[in-house]
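The numbering of the sequence shown is the numbering used here, which starts it at 52 and goes up by one. Ideal Cβ placement from N, Cα and C applies to all residues, glycine included. Some notes on the structure that comes next.
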Amino acid sequence: MNPALLEHAQRAATKAYAPYSQFQVGCALLTAAGNIFTGCNVENASYGLTICAERNTIFHAVAEEGPGMRITSLAVIALGQEFPPCGACRQVIAEFAAPETPIWFLRDGKPLAMTMAELLPASFRL
Ligand SMILES: [Zn+2]
């Protein structure tokens with residue numbers, strides 16, 4: 052378990068821009084280079100432009116580390132809710148993670164990790 056990562060995600064969730072859904076989500080990831088990046092969801096009045104916390108975090112990590120950025124662990128938390136990453140984010144996480152990379156989220160108030168392969172079996176790859 053990586054409780055520090057979950058704490059980072061929790062703090063990031065408080066920064067969310069979610070005036071429409073009130074659904075505040077935070078994400079934190081640890082890279083192979085040893086850096087921790089965080090992000091939150093950012094909504095828009097044109098709903099389709101909204102971005103999830105996970106993708107916001109990953110895109111920031113790539114912008115900082117470059118195209119070789121690799122995820123070794125990722126945590127996602129929503130304030131007052133519990134859920135794993137959405138389908139779109141699972142596909143984006145898979146691009147930068149190994150099948151065995153743990154993805155942390157809360158289930159019944161406790162941290163639970165599933166591997167990337169469990170969350171997205173038979174993922175799309177070019
Ligand atoms: Zn998502």
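Under the three-state reduction of DSSP, which class applies to residue i: helix, strand or coil?
i	result
R158	strand
Y98	helix
G138	helix
L56	helix
L177	coil
A149	coil
What are the residues that DSSP puts in a beta bridge with residue i?
i	result
C91	G77
L163	F156
T108	DSSP, once it has assigned bridges, lists no residue as partnering T108.
Q132	A129
I144	BP columns for I144 are empty, so no partner.
Y68	V93
N124	For the record, residue 124 in the displayed sequence is Ser; it is not Asn. DSSP output for S124 lists L81 as bridge partner(s).
Could you round the C-beta distance between residue i and residue j to whole angstroms and report it? I think they count as a contact, below 8 Å.
i	j	result
P135	M167	That pair is no contact at about 11 Å.
F147	I128	Not quite, the Cβ-Cβ distance comes to about 20 Å (not below 8 Å), so this is no contact.
N92	A104	5 Å
Q75	L130	4 Å
For residue i and chain B, any beta-carbon pair shorter than 8 Å?
i	result
A148	The chain inventory of the structure shown lacks chain B, comprising one protein chain alone.
Problem set entry | Chain-ordered list of residues that sit, by beta carbon, closer than 7 Å to a heavy atom of ligand 1 | Spelled out in chain order, the answer is C103, E105, R106, P136, C137, A139, C140.
For this session: Inspect the CB distances between the segment 58 to 74 and the segment 111 to 122 and report whether three or more fall short of 8 Å.
Result: Look at the beta carbons and you see the segment 58 to 74 not touching the segment 111 to 122: under three pairs across the two are nearer than 8 Å.
Exercise. Three or more beta-carbon pairs under 8 Å between the segment 67 to 87 and the segment 101 to 112, yes or no?
Worked result: Contact between the segment 67 to 87 and the segment 101 to 112 is established, with three or more Cβ pairs separated by less than 8 Å.
Problem set entry | Cβ pair count under 8 Å reaching 3, the segment 84 to 93 against the segment 147 to 157 | Result no; under three Cβ-Cβ pairs closer than 8 Å.
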